[in-house]
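Chains as they are written, first to last, in numbering that gives the first Met the number 0: chain A, 0 to 344; chain B, 0 to 344; chain C, 0 to 344; chain D, 0 to 344.
There are 4 protein chains.
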Amino acid sequence: MIFTSDNAFGVAPEILDAIARANMGAVPSYGEDEITKRLQGRFAEIFEHEVAVFPVATGTAANALALATLTPPYGAVLCHEHAHVHVDECGAPEMFTGGAKLVGVSGAAAKLDPQALEAALATMPAGNVHNVQPTTLTVTQSTESGTVYTLGELRRLTGIAEGRGLAVHMDGARFANALVSLGCSPAEMTWKAGIDVLSFGATKNGALAAEAVVFFDPARAVDFAFRRKRAGHLFSKMRFVSAQLEAYLDDDLWLRNAAHANALAKRLADGLALVNSARLQAPVDANELFVRLPRGTLKRLREAGAGFHPWPMEGDDAENRTIRLVTSFATRGEDVDRLLQVVSS
Amino acid sequence: MIFTSDNAFGVAPEILDAIARANMGAVPSYGEDEITKRLQGRFAEIFEHEVAVFPVATGTAANALALATLTPPYGAVLCHEHAHVHVDECGAPEMFTGGAKLVGVSGAAAKLDPQALEAALATMPAGNVHNVQPTTLTVTQSTESGTVYTLGELRRLTGIAEGRGLAVHMDGARFANALVSLGCSPAEMTWKAGIDVLSFGATKNGALAAEAVVFFDPARAVDFAFRRKRAGHLFSKMRFVSAQLEAYLDDDLWLRNAAHANALAKRLADGLALVNSARLQAPVDANELFVRLPRGTLKRLREAGAGFHPWPMEGDDAENRTIRLVTSFATRGEDVDRLLQVVSS
Amino acid sequence: MIFTSDNAFGVAPEILDAIARANMGAVPSYGEDEITKRLQGRFAEIFEHEVAVFPVATGTAANALALATLTPPYGAVLCHEHAHVHVDECGAPEMFTGGAKLVGVSGAAAKLDPQALEAALATMPAGNVHNVQPTTLTVTQSTESGTVYTLGELRRLTGIAEGRGLAVHMDGARFANALVSLGCSPAEMTWKAGIDVLSFGATKNGALAAEAVVFFDPARAVDFAFRRKRAGHLFSKMRFVSAQLEAYLDDDLWLRNAAHANALAKRLADGLALVNSARLQAPVDANELFVRLPRGTLKRLREAGAGFHPWPMEGDDAENRTIRLVTSFATRGEDVDRLLQVVSS
Amino acid sequence: MIFTSDNAFGVAPEILDAIARANMGAVPSYGEDEITKRLQGRFAEIFEHEVAVFPVATGTAANALALATLTPPYGAVLCHEHAHVHVDECGAPEMFTGGAKLVGVSGAAAKLDPQALEAALATMPAGNVHNVQPTTLTVTQSTESGTVYTLGELRRLTGIAEGRGLAVHMDGARFANALVSLGCSPAEMTWKAGIDVLSFGATKNGALAAEAVVFFDPARAVDFAFRRKRAGHLFSKMRFVSAQLEAYLDDDLWLRNAAHANALAKRLADGLALVNSARLQAPVDANELFVRLPRGTLKRLREAGAGFHPWPMEGDDAENRTIRLVTSFATRGEDVDRLLQVVSS
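Structure (structure tokens):
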């Protein structure tokens, strides 16, 4: 009954099999192998667009490398004030960019508020040497609150970015969950909505350790390979990272895994909605729930062996505390039902 | 008949099995799992010393993080002028240290010459604000020329380092190959020889992507975890990195794999010694050979399907070129014999 | 009638004389001269404490070097959300620290709110590798709103810092103005109030280009000299920077200059208080005023040749805008009176 | 009788006067003043070319900012192995570039050897992610050995750079001394010889603290202003830096000062040439001499009050040591004669 995180779960069997299949004799290293080469075409097909794709092994690497490619040291990355890149990566974007500034912008349910974004940009005039120069916007899809930007919401934000000449990055650690939630195409949720570069996550949704940085304008990727190497993120046995991504995309595994996780999150949300003492803190659009529960309930959950993370939020008090519950490709329906049973009891 | 690099080969079956075995349900992420926790004790046992161990997934990450922990931005890392960290990592140590300087020192067969080391140190007086401050020495074992420092050679260098207050790092990308070559204990080749921090490589010797940074003085490791996270090298599903390291050490797999690679390198060297037109460029102590061959021979090799890297060296001319040949845990004796046959023909 | 900034004014005659006096033949360079050496004792006397003093030439250099000495790359500097180091130095602290994060904290009139500080610290648990580690607090005295922290307010903040093991830096670009305002001793406003390192500003108060970084615990300064050199802030003809600081302290020039500026700011504030349409935005404790005025008034001021900076603030609207007025050591009383006359007309 | 360095001397009277003259009331700060604005045209005139000019206050700042503008973090700066930027700036270029690598190239008398440069470039293939990417060449004129590149020598080096697409920077800390030595025009020694960016030094030749970074292609300077601010090198009272540069150029002060220093160096060299026991280590083209002298002579010099720096060189032994002697705009002929007298005695 583990709901701590989707990364607490292991590897999807299809992906493990692909790793084993890739273990066939000697092949060129550092990404010169056939599996890695095939990825370019596969991603181009999926995204219906020319792309430059770079496999890496962690989400932090994907995000920090993408942002460093888009942002000079004197630049600013606009992001939600609760964005993972801002508060959960120990300063990785600052390290990779050589000291650019992340500027947190407010917005309900972890979605950037367009007006707040414009207000933040207004404080940093272009060309004024005293302030860092806004060059990059990053949005997380699905968000850190488990919500999903609508295409309209995305376009509104990327439109503001375009107006100031900012490149737009999407942190897609849970990209598949968002895609399934919106029911749109990968193209619609990315370049058609104004996204320039995507951190395409697979690890949380069934891979062992595999993410892809996807540039929709390959010209922007011109120095990515050097930055990746220099950061220690170019794997010598790259085929095993690429094989994960290939299997992840094959037979819609990524979409099936995400659909499973989202459905269980929905089931959990629906169940919690019937519990008087439970208060969902944000709409449950993908596979994360933030719910405020009485301390007694939390105690019962822990005693029943449930795993989850406390997630302190404004409004918490001595009696009621917010926790995060995450479902994954491998979460079982029976665990959801059991959790609901404990909460309702 | 691939001799391009040991990282061209895949994963040892024992390690692939261990990855599959580790795929059992939900466990704490980011290294809080049991497999990762067990590693501390396992390495302490192997090295007969208290240690702090941090798994990472690439050798560049291991080296750059280790050096960054030991070296302030205004520091200097003394290394061989052909050291991997200096010439093959696209400036990773400079990035991770915040701009420290790597100072290349000469020495035959990729071994640092003690006198050249002392001369280099003399050019950077302690406390003189005009020059960077030497704080770190790094040695590669086995070296970039496939040689292995004797314990006496190591102690001579670490003694010089100690005299100037330098910390000593060992790049052990091919640690097992060197260990097997010397026939000494891991302790003897590290802390007993004055090594403070070790990049313990497993990838080249049969792992998928696994290295360990081993601190023999855990007090030095105080900020390593932050640096690793910040560099995107803390894996959420860490158990799969740690499981590789565990299987690597189990039943002496690491030593058996290295012994196999070294033995084939020896067989290759012995065979080449009988060929008049072949000139070994350095003693073959481990699993790498650098040999100068006539262009005609190289052409025949290529036609026979042999894989190898040209390795330009001083003394090469229009007729004779140096190449590198690397054997691995998975290299087959018959490939060695076939290569020798082509060379001799 | 220039009120744009105190740095729009030139050099106090006493300081220009000192520069000329220092131009006597050949002396050791890079700070080995007698004038620079004397500074240590002079500052120790003024601050009644052992100190390590380092002259630099700009406030940004002083702040960024001081913060870099106190903050590792994975560290966080807590500061007011409007702090100069955060919004007006184009990311200098991020550059000098190697990518540490500045965390803006709210508080009225540019004074850090203690509760907001504690709340911010609570979001960054010590030892949690996912977030940057709070290591440093910086306060500006006088503040960016022209207010001055009382000694009690300072101690409350530094007490919180001490509780979390943070070092405390004071940005004293307008240190003398604050000191004169409080009427306390330099010791009381610094180390006795929990300040570890001070950027002691002189440029805005009559120097040509001279600041001093003052460490109250010289042990903390151990790597400052290397960082200063490496940043290009060690002057070869250092005597001319040091001579400015010496003259600045001689005969209480610094206090007299600041008292003059503060008195004129007070006269300006008192005059504006009598004008119905003028709204001071913060108490006028030192030499800066932030006042909201009708657009018509601003137009009249401009036509009369008054120099000032617009300073957009929440609450400004189509009719009324906030501007900043700064008085300096060289501002004339008649200019203040004339400005008041225009505003009142 | 001080020959330690040209920066041991103070400020030329004309420059001190200009500083005093610039101290006239309130003017816009941060380089928006008239004196600074005039500099653009003045430099364009002097160099017979469109330029973008940025005043800074130290040579290290000029060099490190220029190199950072030309070099990405994964780039390499080719320089002489004894270049000031490489061995005497405590890693400033590494800091400002975010960790680029300086690659030292050999060459007699501190002049880069063209063949050695080509050989170094050959070790770093373009596009190979394993090595840093050569992007920049920097030459020092006059050199660290007091020699001066001929225009032909410069063109040979810049031609090689051009062939590899490298930008070329000139460290002109002693630019005027070299110019006077060659007797050519500023244009001939810079853009006509393939120089893209120049650190134009004034401090060593009579300024208090003033250098200018001169871009011959203003498009390259696009982010310089942000980098300068971020490094703490944008002076609020910029007029006082610019006034130094203006006075330095007026009435050929810079050329007269340099001619004086060079003439005395020549007189010194000619005198030493007559002393049997003295061995000049390099041609004396500008205002620095490196001479090997018997220890007894050095002792006599010290006793006579002569100031100079020991400068250990290969070939020094127990009996003979190399020292550096530098003449400046303010060195007196009588001091030169007295030194010669002591040496000859």
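Beta carbons are placed, not taken as given, at the ideal position from N, Cα and C, and that holds for glycine.
DSSP three-state assignment for residue i, whether helix, strand or coil
i	result
V290(A)	strand
M94(A)	helix
S327(C)	coil
H85(A)	helix
H259(A)	helix
E245(A)	helix
L38(D)	helix
R163(D)	coil
G9(A)	coil
F223(D)	helix
R278(B)	strand
A172(A)	coil
P309(B)	strand
P217(A)	helix
N204(B)	helix
Rounded separation between residue i and residue j - CA only
i	j	result
V422(A)	G304(C)	In the structure as shown, chain A begins at 0 and stops at 344. Residue 422(A) is therefore absent and cannot be evaluated.
I322(D)	D250(D)	34 Å
P217(B)	P54(B)	15 Å
K100(D)	V212(B)	25 Å
A177(C)	N286(C)	9 Å
E210(B)	A172(B)	8 Å
G9(C)	V128(A)	22 Å
A277(B)	D334(B)	18 Å
D195(A)	A25(C)	59 Å
F199(B)	R291(A)	46 Å
F223(A)	A65(A)	8 Å
G164(B)	G90(D)	20 Å
A115(B)	D170(B)	20 Å
S343(D)	V274(D)	6 Å
Residue j beta carbon less than 8 Å from that of residue i
i	j	result
H83(A)	T135(A)	no
T146(B)	A109(B)	yes
P113(D)	L156(D)	yes
D5(A)	N261(A)	no
Q243(A)	A201(A)	yes
F328(A)	F2(A)	no
G40(C)	M237(C)	no
A192(A)	L254(A)	no
A21(C)	H232(C)	no
A67(C)	V102(C)	no
Own chain, CB closer than 8 Å to residue i, minus 5 neighbours either side, in chain order
i	result
A268(D)	L279, V283, L288
P124(B)	N130
G332(B)	L263, R266
Within chain A, the residues that residue i reaches when beta carbons sit closer than 7 Å
i	result
K228(D)	V128, H129
Same chain, Cβ closer than 6 Å to residue i, five either side skipped, listed in chain order
i	result
R299(D)	V341
I18(B)	F239, A242
C183(B)	none
A7(C)	I1
Close beta carbons around residue i, own chain, < 7 Å, minus the five adjacent residues each side
i	result
L248(D)	R41, I45
Listed by chain order, chain B residues near residue i by CB distance under 9 Å
i	result
M94(D)	P72, Y73, G97, G98
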